Amino acid sequence: MLIFVALIISLPFLTGSNYALTVGIFSGINALVAIGLCVLMGYAGQISLGQAGFYGIGAYVSSILSAHYGLPVIMSLALGMLAAALAAVVLAVPSLRLKGHYLAVATLGFGEIVQIVLNEWGPGGPSGFGDIPQFGIFGYPLKTTRGFFYLTWLVVAAIMAFSLNLMHSRSGRALRAIHGSELASNAMGLDVVVLKIKVFVLSAVYAALAGGLYAHYITFISPSSFSFFYSVLVLMMVVVGGITNLWGGIVGAIVITVLPELLRRFEELDVLAYGLILTLSLLFLRDGIVPLLIDKFRKVFTVARS
Amino acid sequence: MQFLFSGLTVGAVYALVGIGFNIIYNATSVINLAQGEFVVIGGLMMWFFTESVKLPFFISIILTISTAGLVGLLMERLTIRPLKKTDLLLMIMITISVSIVLRGLLMFKFGKNSYSYDPFTEGEPISIYGAIIQQQTLWVIGVTALCMVLLFLFFNKTLTGKAMKACSVDSTAARLVGINVSRMVMLSFILSAMVGAIGGIAITPISLMAYDNGPMLAVKGFCAAIMGGLGRGRGAVIGGFLIGILESMTAGYLHSGLKDAVALIILLLVLFFRPSGIFGGSAAARLRKF
Numbered sequence: 000m001l002i003f004v005a006l007i008i009s010l011p012f013l014t015g016s017n018y019a020l021t022v023g024i025f026s027g028i029n030a031l032v033a034i035g036l037c038v039l040m041g042y043a044g045q046i047s048l049g050q051a052g053f054y055g056i057g058a059y060v061s062s063i064l065s066a067h068y069g070l071p072v073i074m075s076l077a078l079g080m081l082a083a084a085l086a087a088v089v090l091a092v093p094s095l096r097l098k099g100h101y102l103a104v105a106t107l108g109f110g111e112i113v114q115i116v117l118n119e120w121g122p123g124g125p126s127g128f129g130d131i132p133q134f135g136i137f138g139y140p141l142k143t144t145r146g147f148f149y150l151t152w153l154v155v156a157a158i159m160a161f162s163l164n165l166m167h168s169r170s171g172r173a174l175r176a177i178h179g180s181e182l183a184s185n186a187m188g189l190d191v192v193v194l195k196i197k198v199f200v201l202s203a204v205y206a207a208l209a210g211g212l213y214a215h216y217i218t219f220i221s222p223s224s225f226s227f228f229y230s231v232l233v234l235m236m237v238v239v240g241g242i243t244n245l246w247g248g249i250v251g252a253i254v255i256t257v258l259p260e261l262l263r264r265f266e267e268l269d270v271l272a273y274g275l276i277l278t279l280s281l282l283f284l285r286d287g288i289v290p291l292l293i294d295k296f297r298k299v300f301t302v303a304r305s
Numbered sequence: 000m001q002f003l004f005s006g007l008t009v010g011a012v013y014a015l016v017g018i019g020f021n022i023i024y025n026a027t028s029v030i031n032l033a034q035g036e037f038v039v040i041g042g043l044m045m046w047f048f049t050e051s052v053k054l055p056f057f058i059s060i061i062l063t064i065s066t067a068g069l070v071g072l073l074m075e076r077l078t079i080r081p082l083k084k085t086d087l088l089l090m091i092m093i094t095i096s097v098s099i100v101l102r103g104l105l106m107f108k109f110g111k112n113s114y115s116y117d118p119f120t121e122g123e124p125i126s127i128y129g130a131i132i133q134q135q136t137l138w139v140i141g142v143t144a145l146c147m148v149l150l151f152l153f154f155n156k157t158l159t160g161k162a163m164k165a166c167s168v169d170s171t172a173a174r175l176v177g178i179n180v181s182r183m184v185m186l187s188f189i190l191s192a193m194v195g196a197i198g199g200i201a202i203t204p205i206s207l208m209a210y211d212n213g214p215m216l217a218v219k220g221f222c223a224a225i226m227g228g229l230g231r232g233r234g235a236v237i238g239g240f241l242i243g244i245l246e247s248m249t250a251g252y253l254h255s256g257l258k259d260a261v262a263l264i265i266l267l268l269v270l271f272f273r274p275s276g277i278f279g280g281s282a283a284a285r286l287r288k289f
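Written as structure tokens, this is what we have:
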């Protein structure tokens, strides 16, 4: 964890280029959503193809409240997260009875509905709207890229710390128990339904936080950023990085955010490249990058020791 | 009335997609989220053969359907086979990723434009009960009906078809009586792809086809399949038409931007309240194998 923080602090000094920092900011924002999905999928074993919906809710609510109603950004961010939490509860209660494919499609449907609603009734409709206040603390807007970079990753670090703590606590173990076997967990007295809803809400809140940060950074949002494609992207981040490990969410987010930048020259092939990478990593890197690396490390160390 | 017919038209495609879902699901318990891409392949390849390569109509149809079948085969061989009995989650994501790959290929080859070609028969639109219908609409509905009949005959009267049905009921038992289950799986993908492609071929003259129509079609087709009860051919058809009509009416009477949402809302409602579908029996609270 400390290494992580050190890395973050040093990064801007290493690269310095605004472009790299911007990519870094997006990586961080995506990482937030990915961590949420990671918790949901890796630990609680539920699928969600609708994270973009919560991401969008967070972005739009926060933007509307701060731009049209003049609320301070931090407050509108918090309210955005609250809105997403409520939506998550509404969605979760009927959905979590479903399993597997059904749950996946239900969440997919949710994400799409959010996008359509935003398209129809969001301010500006499909074109979106701008002039969203930048993120500021007590009136001091955060104007530099570097500043926002630190902010984003600070939030990521905080969320990571919180999540890791959660996973190692009673609740975390309860979640993993559910993943293992819902029936057994129920038999042991865990309130499975409530826990599942809680995790769902948690992942939604993370996504909403990310959405809010996104909105206040770019100061312009439109429904097209919150599409099913984004939900799939987040899914990819989690899968490629490693479902079972929270760090995988971060790694995956970085990889998937950086990748299109690298692939930019292959303009027409980018969708194809995405698909191929996803397919290949699903087929071969079954557990994701992070567990794979951990495994390799362990082997190296045990060999060295003996 | 007009909406009824336009609803039937789109509904027919949803029905075909739903049937495709059912075929694969029945043989493998996998839900193929790349199903929509088969439809798109049908439409775009047909354009390719008729407009770009300028082949005669019937040859184009045969080539298009064969191409789709080939894609289905490749998909099964390369991605589903190696992953035999893994995680449900992995399966879902594999089909999603394949759909992305297919979309990428299509985008690469065809760009982001919408394509179309001439309707099957040229002629004046017909008027029925005050609604004006293009001839192609009748073709779409007719082709769908024909598919249904052919599939019915296939599954109930031919040995291969019955073998496939056996796999869906119990694959172990099927294997015991000598059915080559993996071949049936392969066949299910090929068949499903072809059915999807037929839908694409029929609908493109009316509503054009672009590389990214896939996911929406897949979701709505899946909705159709679930409404009818996952795995029940006739149910999917009725589900498809219902969705098509409701969507059309929404676009006409309410708000056209919402029409996509209609199918999704129906989907959510069905999933929440009657996951076994309108026609699934109560003994089928069978969220089968999940």
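If you're matching them up, the sequences are chains A and B in order. Taken in order, the first sequence gives residues 0 to 305; the numbers are from numbering that gives the first Met the number 0. Taken in order, the second sequence gives residues 0 to 289; the numbers are from numbering that gives the first Met the number 0. By construction, the Cβ of each residue, glycine as well, lies at the ideal position given by its N, Cα and C atoms. The structure displayed is predicted, hence computed values, not measured ones.
Secondary structure of residue i, DSSP reduced to three states
| i | result |
| --- | --- |
| B:F221 | helix |
| B:F153 | helix |
| A:I242 | coil |
| B:Y114 | strand |
| A:I46 | coil |
| B:I131 | strand |
| B:L286 | Confidence in B:L286 is poor, its pLDDT being 42 and thus under 50, which makes the residue's placement unreliable; the coordinate value appears in the next sentence. Three-state result, B:L286: coil. |
| B:F56 | helix |
| B:I125 | strand |
| B:I95 | helix |
| A:G127 | coil |
| B:I30 | coil |
| A:F219 | strand |
| B:M45 | helix |
| B:M74 | helix |
For residue i, the nearest candidate out of the options (CA to CA)
| i | options | result |
| --- | --- | --- |
| A:R96 | A:F199, A:L76, A:G27 | A:F199 |
| B:N25 | B:I225, B:L207, B:G35 | B:I225 |
| B:G195 | B:F2, B:P214, B:M92, B:S113 | B:P214 |
| B:L150 | B:I125, B:S167, B:I22, B:L268 | B:I22 |
| A:S75 | A:A83, A:V191, A:A84, A:S65 | A:S65 |
| A:F148 | A:G251, A:S180, A:L20 | A:L20 |
| B:Y210 | B:G10, B:E36, B:S28, B:L3 | B:E36 |
| A:S280 | A:I255, A:L245, A:V299, A:A84 | A:I255 |
| A:Y101 | A:A77, A:I112, A:N118, A:I46 | A:I46 |
| B:T120 | B:G103, B:F107, B:M90, B:V139 | B:V139 |
| A:A91 | A:A176, A:L201, A:M187 | A:L201 |
| A:I242 | A:H178, A:G49, A:V89 | A:H178 |
| B:M106 | A:V270, A:L275, A:F283 | A:V270 |
| A:V237 | A:I24, A:F25, A:G41 | A:G41 |
| B:L32 | B:T49, B:V97, B:P55, B:T78 | B:V97 |
| A:V231 | B:A262, B:G160, B:I99 | B:I99 |
| B:L229 | B:V16, B:F2, B:F4, B:K108 | B:V16 |
| A:M235 | A:L245, A:L261, A:E260, A:I276 | A:I276 |
| B:L62 | B:L207, B:K219, B:I18, B:M45 | B:M45 |
| B:C222 | B:I30, B:T8, B:Q1, B:A144 | B:I30 |
Buried or exposed (CB count within 10 angstroms, at least 16 for buried), residue i
| i | result |
| --- | --- |
| A:R297 | exposed |
| B:M163 | buried |
| A:Y216 | buried |
| A:K295 | exposed |
| A:H167 | exposed |
| A:M312 | Because residue 312 of chain A is not part of the residues shown, which for chain A are 0 to 305, the question remains open. |
| B:I58 | exposed |
| B:A282 | Bear in mind that a pLDDT of 38 at B:A282, under 50, signals an unreliable position, so the number given afterwards is only what the model happens to contain. Looking at its Cβ environment, which holds fewer than 16 other Cβ atoms inside 10 Å, B:A282 is exposed. |
| A:P125 | exposed |
| A:Y18 | exposed |
| A:S180 | exposed |
| B:P124 | exposed |
| A:R172 | exposed |
| B:R102 | buried |
| A:A160 | exposed |
| A:V164 | The question names Val, but residue 164 of chain A is Asn in the sequence shown. Exposed, by the Cβ-count rule. |
| B:S51 | exposed |
| A:M187 | exposed |
Worksheet item: Okay, do the stretch 56–65 of chain A and the stretch 194–213 of chain A touch, 3+ Cβ pairs below 8 Å being the bar?
Response: yes
Worksheet entry | Ordered list of alpha helix (DSSP H) runs contained in the stretch 172–208 of chain B, each at least 4 residues | 180–206
Practice prompt. For the stretch 64–72 of chain B and the stretch 39–55 of chain B, state whether three or more C-beta atom pairs, one from each stretch, are separated by less than 8 Å.
Written response: yes
Fill in: Touching by the beta-carbon criterion (3+ pairs, under 8 Å), the stretch 182–190 of chain B and the stretch 234–250 of chain B
no
Discussion item. When you compare the stretch 219–226 of chain A with the stretch 109–128 of chain A, are there three or more beta-carbon pairs, one atom per stretch, that lie closer than 8 Å?
Written reply: yes
Item to complete: Report the residues of the stretch 94–108 of chain A with a CB closer than 9 Å to any CB of chain C, ordered along the chain.
Response: In the structure shown, chain C does not exist; the protein chains are A and B.
Fill in: Complete alpha helix (DSSP H) runs within the stretch 225–273 of chain B (minimum length 4 residues, chain order)
232–248, 258–272
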